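Numbering (our numbering), first residue to last: 0 to 419.
Okay, structure first, notes after.
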């Protein structure tokens, strides 16, 4: 009976987490509910069956993450609104998704189910995105869909903000292209069709958001991926790059998004430009360089440096750059802790990839996490993506997938760590 109970809890956890990964592509509300249910089942799993949720090899990541969360909590308490700041820092709970993803992805069959659920979600939303581009329909949100430059409509999917949707799909596209490329010899039939379709559609839909930042981050990441994989496997990535090039030339208005507007951005006097925002964000950092202004207080401090009659849309709540935003809310030590956590995480993926043979089944999971992380970092240069829950939870899943190899290495001999 105990074995049957164990298997039932295992399967319940897999179902809930697969639904979380699937729904993350279109609904923050549904995905958070599924993550909450997954967390409850996982905690019971750890308590009841003495499941090992951590990996000894990842101690440097755990240490830097603990320092980051601890320092962030301290700066929340020292700010203008301590209780409110603590409440707003609740997004750090998304690290739970990393732990669960790592545990489940260490099981060979389960991780393929999770990736298939994610690819299916991306493909489904992409099909809806194509309908949206040609018709302008928006069946699931009240947000207005804007006309695209030249022809059609800008794709918003089921999100409420173009940049959030674009960032999500750029990261998803890079992760899927890396996974599909590295796993092509292990996929046949319907599975190969699913992953190739999801990869190509994700690249195309990112273009159809007409958002400059996500497109640029995706292009740079795919170029780096092609160089990393070399001649043998890089040709597959070149297919995605070819689709990008054709899209940039053939889709009316995409290339024009980089002409003219960039000049205004780099002048620095336009109040909506990144240079203007970053310059005044540095002034906010200068107010309290040690402890920062506290989570949720950036907007009030930033507004002090703007003209009195500025429109509300220019009164921003974050610095449009993750590292500047962290330095503003948690001080320069907080930014250092945040950067160290990132450096260690990416270092683990890179080290795992370099130590693996190209035909090692685990290698592709390191590669996928690495590609998704690089693209996310690219989006972090022009947007505070870390505090954007939709994209952040995707990153946590990818990190969990990437760490699964280290977890598997440490717990493969422990029946409680890796159930059959």
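Beta carbons: idealized from backbone N, C-alpha and C, even for Gly.
A quick note: this is a predicted structure, and the numbers were derived from the prediction, not measured.
Between which residues of its own chain and residue i is the CB-CB distance below 6 angstroms, once the five residues before and five after are set aside?
| i | result |
| --- | --- |
| residue 124 | 24, 25 and 156 |
| residue 373 | 220 |
| residue 172 | 201, 202, 205 and 217 |
| residue 418 | For residue 418, the predicted model reports a pLDDT of 42, less than 50, meaning its position is unreliable and no value from the coordinates is stated. |
| residue 30 | 19, 22 and 23 |
| residue 169 | 205, 213, 216, 217 and 374 |
Take residue i and list the residues in its own chain whose beta-carbon comes closer than 8 angstroms to its own, dropping the five residues that flank it on each side.
| i | result |
| --- | --- |
| residue 79 | 292, 293, 296 and 299 |
| residue 391 | 90, 93, 384 and 385 |
| residue 412 | Residue placement at residue 412 is poorly supported in this model, since its pLDDT is 48, which falls under 50; the coordinates are not used for a value here. |
| residue 460 | No answer is possible for residue 460: the residues shown for the chain start at 0 and end at 419. |
| residue 185 | 360 |
| residue 314 | 298, 301, 302 and 305 |
Relative to the C-alpha of residue i, which residue among the options is closest?
| i | options | result |
| --- | --- | --- |
| residue 87 | 97, 320 and 68 | 68 |
| residue 335 | 64, 375 and 163 | 64 |
| residue 311 | 127, 271, 330 and 364 | 271 |
| residue 134 | 120, 151, 147 and 66 | 151 |
| residue 15 | 27, 39, 6 and 4 | 39 |
| residue 349 | 319, 182, 283 and 224 | 224 |
| residue 167 | 213, 342 and 130 | 213 |
| residue 400 | 381, 347, 376 and 377 | 347 |
| residue 196 | 146, 229 and 121 | 121 |
| residue 190 | 117, 148 and 146 | 117 |
| residue 388 | 145, 410 and 34 | 34 |
| residue 207 | 184, 177, 243 and 181 | 243 |
| residue 181 | 108, 370 and 393 | 370 |
| residue 318 | 54, 283, 339 and 146 | 283 |
| residue 278 | 403, 238, 324 and 104 | 324 |
| residue 302 | 129, 50 and 281 | 281 |
| residue 66 | 245, 227, 83 and 340 | 340 |
| residue 57 | 307, 43, 351 and 304 | 351 |
| residue 113 | 12, 76 and 42 | 12 |
| residue 241 | 199, 81 and 84 | 199 |
| residue 406 | 395, 106, 393 and 250 | 106 |
| residue 75 | 410, 395 and 326 | 326 |
| residue 394 | 362, 229 and 377 | 377 |
| residue 98 | 52, 84, 77 and 81 | 52 |
| residue 149 | 32, 250 and 101 | 250 |
With DSSP as the reference, please indicate the residues paired to residue i in a beta bridge.
| i | result |
| --- | --- |
| residue 445 | This structure leaves residue 445 out entirely; the chain is present only between 0 and 419. |
Looking only at its chain, what residues have a beta carbon closer than 7 angstroms to the beta carbon of residue i, apart from the 5 residues adjacent to it on each side?
| i | result |
| --- | --- |
| residue 343 | 59, 60 and 63 |
| residue 6 | none |
| residue 174 | 367, 370, 371 and 397 |
| residue 420 | In the structure displayed, the chain extends from 0 to 419; residue 420 sits before or after that span and is not available. |
| residue 382 | 162, 166, 212 and 319 |
| residue 380 | 320 |
| residue 96 | 34, 392, 395, 396 and 399 |
| residue 467 | Given that the chain is displayed from residue 0 to residue 419, the structure contains no residue 467 and the question cannot be resolved. |
| residue 17 | 112, 113 and 116 |
| residue 70 | 329, 332, 333 and 336 |
Inset, instruction - Kindly confirm or deny that the stretch 151–165 and the stretch 126–141 touch, where touching means at least three C-beta pairs closer than 8 angstroms. - result: yes
Inset, instruction - State whether the stretch 312–331 contacts the stretch 279–287, with contact taken as three or more CB pairs (one from each stretch) at a distance under 8 angstroms. - result: yes
Inset, instruction - Just list the alpha helix (DSSP H) runs in the stretch 56–108, keeping only unbroken ones of 4 residues or longer that don't cross its boundaries, in chain order. - result: 58–77, 81–87 and 94–104
Inset, instruction - Ignoring anything shorter than 4 residues or poking outside the stretch 362–396, list the alpha helix (DSSP H) runs there in chain order. - result: 362–379
Inset, instruction - Starting from the N-terminal side, write out each stretch of the beta strand (DSSP E) that is 3 residues or longer and does not extend beyond the stretch 182–219. - result: none
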